[in-house]
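Everything below concerns the one structure shown next.
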Amino acid sequence: MKITKQQELNRNLAQMLKGGVIMDVTTPEQARIAEAAGACAVMALERIPADIRAAGGVSRMSDPKMIRGIQETVSIPVMAKCRIGHFAEAQILQALEIDYIDESEVLSPADNVYHIDKTRFNVPFVCGAKNLGEALRRIAEGATMIRTKGEPGTGDVVQAVTHMRMMQSEIRRLQSMSDDELYEAAKQLQAPLELVEYVHENGKLPVVNFAAGGVATPADAALMMQLGAEGVFVGSGIFKSGNPERRAAAIVQAVTNYKDAKMLAELSTDLGEAMVGINEQEIALLMAERGK
Amino acid sequence: MRVAVLALQGAFAEHEQMMHRLGVDTFQVRQLKDWEEAKDGLIIPGGESTTQSKLLRDLGLFEVIRKEITAGLPVFGTCAGLILLSSMHLGTMDIDVCRNAYGRQLGSFYTEADMKGIGEKVPMTFIRAPYINNVIGECESLATVDGHIVAARQGRQLVTAFHPELNDDLRVHEYFLNIIKKAVD
């Protein structure tokens, strides 16, 4: 698939975020705490997913005032969310010179059919995916980074695990196919043949793939890294916990040393209360079902 | 020859691939016990310098790495790695650095420029990159883009504001290997 120079630079920025933790923040003060704890980027949003769930109603792009406030506070990349299909919100975020736009199922979808044509933008996009087909469709639309959808705002990692395992197993399946089987595979995945061929040859997505949605502890982060994530997003897990500073720093270290169980034991010790969380059976709204 | 690659955060795998293409063995440094392995040089990759600096301190790597670089261990820092070697962090290189010098991601760009000791048209990918305001003392500028210093060398220390690990051209990594070879001899 031919990509523009700008898209290549945008894929490159995602490469620089690898092995890092991207944290949801709602105020400049939280952004400062996240940066000091070692976050490699922050996601600026008005309400973290757990509160979006609690509040109900329509959730939209954040007020540019709070986004600017956070941009002025930290030197690390600042990301922000727009609604699925809401290209006008994306245009506004591009005008704010945001470093990455998350076209996110956490917000209320603005379009039940179409995602944003991300190839029309200079600013990079990250999109959620539950499986390989979704990931490749988002990449075809111009996404330069992918994350699992997980189930945001729950503190329950089960959906992120399901999505990461699904993606990895579908990648392995493609890898083992013979060339003449790829046409049918592309049809089944509802994804462009060129991207299917890329995965067949390289055994990975052509863009960086993070875990997101339900990561709440250093152990959750280590689990996702061992399952093949290249980094993690932590949303509600940090600022809904008893001691955000400590928990944030511990998750950052857990992502670097995700295979060292002894170190993970230390990092998991005495972190204060984790976010309470909700089980997937207890939630009325499955955000991961938004935008396929 | 064996090269350590700081693997706390960022694009370290890309540097390892470049080294492997040049037939050089690498290993990842994620904690203190990794650092104790034998090595002929160190690469500090791009990523977020605040993140990497925090982890260097939390993991007890900051002082030991600084000490070995000062004692002559060849080191190559790209982007965040350049910032880490400046007086802002490890302070082993006499460079005055401007962080996020080209602004946010929309200011990221690709260009080609000459590099002293390497040749013409070196591909240069700048991602939210810094540049060097000026080099001090023994430190020498190796390349400039739009009048700003984007590569420099001081003894066995090499830094670039751009990311040679993201392009196909192996010349900058070869240049670093030559620094290591001379140090080993």
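Chains as they are written, first to last, in the working numbering: chain F, 477 to 768; chain L, 2 to 186. We treat Cβ as the ideally placed atom computed from N, Cα and C, and that holds for glycine.
Exercise. Go ahead and label residue 656 of chain F buried or exposed: buried means 16 or more other beta carbons lie within 10 angstroms of its beta carbon, across all protein chains shown.
Key: Position 180 of the first sequence, counting from 1, holds the residue named residue 656 of chain F. Exposed: under 16 other Cβ atoms inside 10 Å.
Quiz item: Short check: CB of residue 690 of chain F to CB of residue 627 of chain F, under 7 Å?
Solution: Within the first sequence, residue 690 of chain F is the residue found at index 214, counting from 1. Within the first sequence, residue 627 of chain F is the residue found at index 151, counting from 1. Yes, Cβ-Cβ distance for residue 690 of chain F and residue 627 of chain F is below 7 Å.
Quiz prompt | Neighbour flag for residue 31 of chain L against chain F, beta carbons, 7 Å | solution = To locate residue 31 of chain L, count along the second sequence from 1; it is residue 30. Chain F contact via Cβ: present.
Quiz item: CB-CB under 7 Å to residue 528 of chain F, same chain, minus the five flanking residues each way: which ones, in chain order?
Solution: For the purposes of this step, residue 528 of chain F is taken as residue 52 along the first sequence, with counting starting at 1. 535, 582 and 629, listed in sequence order.
Quiz prompt | Beta-carbon spacing of residue 133 of chain L, residue 153 of chain L below 7 Å | solution = Taking the first residue of the second sequence as 1, we reach residue 133 of chain L at position 132. Taking the first residue of the second sequence as 1, we reach residue 153 of chain L at position 152. Contact: yes.
Quiz prompt | Cβ-based neighbour list, residue 13 of chain L, same chain, cut-off 7 Å, excluding 5 preceding and 5 following | solution = Residue mapping note: residue 13 of chain L aligns to position 12 of the second sequence, counting from 1. Here the set comprises 6, 7, 29 and 46.
Exercise. Using 10 angstroms around the beta-carbon of residue 654 of chain F, count the other beta-carbons present and answer buried if the total reaches 16, otherwise exposed.
Key: Here residue 654 of chain F refers to the residue found at position 178 of the first sequence. With fewer than 16 other Cβ atoms within 10 Å, it is exposed.
Quiz item: Whose CA, out of F:516, F:675 and F:743, lies closest to the CA of residue 552 of chain F?
Solution: On the first sequence, residue 552 of chain F is found 76 positions in, with the first residue counted as 1. The candidate whose alpha carbon is nearest that of residue 552 of chain F is F:516.
Practice problem: Run down chain L in chain order and give the residues with a C-beta less than 7 Å from the C-beta of residue 481 of chain F. | Solution: Taking the first sequence and counting its residues from 1, one reaches residue 481 of chain F at position 5. Those are 111, listed as they occur along chain L.
Quiz item: Would residue 506 of chain F count as contacting chain B if we go by Cβ distances under 7 Å?
Solution: As a matter of chain content, chain B is missing from the structure shown, whose protein chains are F and L.
Quiz item: What does residue 728 of chain F reach in chain L if we use C-beta pairs closer than 9 Å?
Solution: The residue labelled residue 728 of chain F in the question sits at position 252 within the first sequence. Ordered by position in chain L, the residues that pass the 9 Å Cβ test against residue 728 of chain F are 10, 52, 55, 56 and 59.
Practice problem: Please determine, among F:584, F:544 and F:588, the residue with the shortest C-alpha to C-alpha distance to residue 772 of chain F. | Solution: No answer is possible for residue 772 of chain F: the residues shown for chain F start at 477 and end at 768.
Quiz item: Using the rule of at least 16 other Cβ atoms within 10 Å of the residue's Cβ for burial, across every protein chain shown, is residue 590 of chain F buried or exposed?
Solution: Start at 1 with the first residue of the first sequence, and residue 590 of chain F comes out as number 114. Looking at its Cβ environment, which holds fewer than 16 other Cβ atoms inside 10 Å, residue 590 of chain F is exposed.
Quiz prompt | Whole-angstrom C-beta distance between residue 615 of chain F and residue 525 of chain F, which should lie under 8 Å | solution = By 1-based counting over the first sequence, the position of residue 525 of chain F is 49. By 1-based counting over the first sequence, the position of residue 615 of chain F is 139. Not quite, the Cβ-Cβ distance comes to about 24 Å (not below 8 Å), so this is no contact.
Quiz item: Listing by chain order, which chain F residues have their CB less than 7 Å from the CB of residue 128 of chain L?
Solution: Working through the second sequence from its first residue, we reach residue 128 of chain L at position 127. By Cβ distance, chain F contributes 485, 488, 489 and 492.
Quiz item: Do residue 9 of chain L and residue 83 of chain L have their C-beta atoms within less than 7 Å of each other?
Solution: Along the second sequence, one-based indexing puts residue 9 of chain L at 8. Along the second sequence, one-based indexing puts residue 83 of chain L at 82. Taking 7 Å as the Cβ cut-off, residue 9 of chain L and residue 83 of chain L do not qualify as a contacting pair.
Quiz prompt | Extent of the continuous beta strand (DSSP E) to which residue 520 of chain F belongs | solution = Taking the first residue of the first sequence as 1, we reach residue 520 of chain F at position 44. Looking at the DSSP string, the run of the beta strand (DSSP E) that includes residue 520 of chain F is 517-520.
Quiz item: Apart from the five residues on each side of it in sequence, which residues of its chain come closer than 6 Å, Cβ to Cβ, to residue 601 of chain F?
Solution: One-based indexing of the first sequence puts residue 601 of chain F at position 125. Cβ neighbours of residue 601 of chain F beyond the five flanking positions: 577, 579, 594 and 619.
Quiz item: Closer than 7 Å, CB to CB, is residue 603 of chain F near chain L or not?
Solution: What you label residue 603 of chain F is simply residue 127 of the first sequence in a count that begins at 1. Taking Cβ atoms only, chain L never reaches closer than 7 Å to residue 603 of chain F, which makes this a no.
Quiz item: Going along chain F in order, which residues have a C-beta closer than 9 Å to the C-beta of residue 164 of chain L?
Solution: Taking the first residue of the second sequence as 1, we reach residue 164 of chain L at position 163. Within chain F, the residues near residue 164 of chain L are 488, 491 and 492.
Exercise. Identify the continuous alpha helix (DSSP H) that holds residue 742 of chain F and give its terminal residues.
Key: Translated into the one-based positions of the first sequence, residue 742 of chain F becomes position 266. 737-743 is the extent of the alpha helix (DSSP H) around residue 742 of chain F.
Practice problem: Specify, as a first and last residue, the run of the alpha helix (DSSP H) that residue 481 of chain F falls within. | Solution: Taking the first sequence and counting its residues from 1, the one referred to as residue 481 of chain F is at position 5. It spans 481-493 - the alpha helix (DSSP H) in which residue 481 of chain F sits, taken as one unbroken run.
Practice problem: Answer yes or no: does any C-beta atom of chain F fall closer than 7 Å to that of residue 105 of chain L? | Solution: To locate residue 105 of chain L, count along the second sequence from 1; it is residue 104. Yes, residue 105 of chain L lies at the interface with chain F (some Cβ there is under 7 Å from its Cβ).
Practice problem: Alpha carbon to alpha carbon, how far is residue 27 of chain L from residue 706 of chain F? Give it in angstroms, no decimals. | Solution: Translated into the one-based positions of the first sequence, residue 706 of chain F becomes position 230. Translated into the one-based positions of the second sequence, residue 27 of chain L becomes position 26. If you take the alpha carbons of residue 706 of chain F and residue 27 of chain L, they lie about 20 Å apart.
Practice problem: Using three-state DSSP, classify residue 116 of chain L as helix, strand or coil. | Solution: Start at 1 with the first residue of the second sequence, and residue 116 of chain L comes out as number 115. Three-state result, residue 116 of chain L: strand.
Quiz item: Which whole-angstrom value describes the C-beta separation of residue 609 of chain F and residue 665 of chain F, a residue pair presumed to lie in contact below a C-beta threshold of 8 Å?
Solution: Counting from one through the first sequence, the residue named residue 609 of chain F turns up at place 133. Counting from one through the first sequence, the residue named residue 665 of chain F turns up at place 189. The pair is a contact, with the Cβ atoms about 4 Å apart (cut-off 8 Å).
Practice problem: Kindly identify the DSSP beta-bridge partner or partners of residue 27 of chain L. | Solution: Looking up residue 27 of chain L in the second sequence gives position 26. BP columns for residue 27 of chain L point to L:4.
Quiz item: Do residue 143 of chain L and residue 116 of chain L come within 7 Å of each other at the CB atom, strictly closer than that value?
Solution: Position 115 of the second sequence, counting from 1, holds the residue named residue 116 of chain L. Position 142 of the second sequence, counting from 1, holds the residue named residue 143 of chain L. Taking 7 Å as the Cβ cut-off, residue 116 of chain L and residue 143 of chain L qualify as a contacting pair.
Self-check item: Alpha carbon of residue 587 of chain F to alpha carbon of residue 514 of chain F, nearest angstrom
Solution: Here residue 587 of chain F corresponds to residue number 111 of the first sequence, with the count starting at 1. Here residue 514 of chain F corresponds to residue number 38 of the first sequence, with the count starting at 1. Cα to Cα, the separation comes out at about 36 Å.
Quiz item: Can you give the Cα-Cα distance for residue 742 of chain F and residue 699 of chain F, rounded to whole angstroms?
Solution: Counting from one through the first sequence, the residue named residue 742 of chain F turns up at place 266. Counting from one through the first sequence, the residue named residue 699 of chain F turns up at place 223. Roughly 16 Å between the two C-alpha positions.
Quiz item: Between residue 511 of chain F and chain L, is there a C-beta pair that is closer than 7 Å?
Solution: Locating residue 511 of chain F in the first sequence gives position 35, counting from the first residue. So, interface residue.
Quiz item: How would you label residue 647 of chain F, buried or exposed, when you count the other beta carbons within 10 angstroms and need 16 or more for buried?
Solution: The residue labelled residue 647 of chain F in the question sits at position 171 within the first sequence. Buried is the call here.
Exercise. Name, in chain order, the residues that DSSP records as bridge partners for residue 499 of chain F.
Key: Counted from its first residue, the first sequence places residue 499 of chain F at position 23. Paired residues: F:518 and F:710.
Quiz prompt | Minimum Cβ-Cβ distance from residue 167 of chain L to chain F less than 7 Å | solution = Along the second sequence, one-based indexing puts residue 167 of chain L at 166. It does: the Cβ of residue 167 of chain L has a partner Cβ on chain F nearer than 7 Å.
Quiz item: Where does residue 87 of chain L fall in DSSP's three states?
Solution: By 1-based counting over the second sequence, the position of residue 87 of chain L is 86. In this structure, residue 87 of chain L counts as coil in the three-state DSSP scheme.
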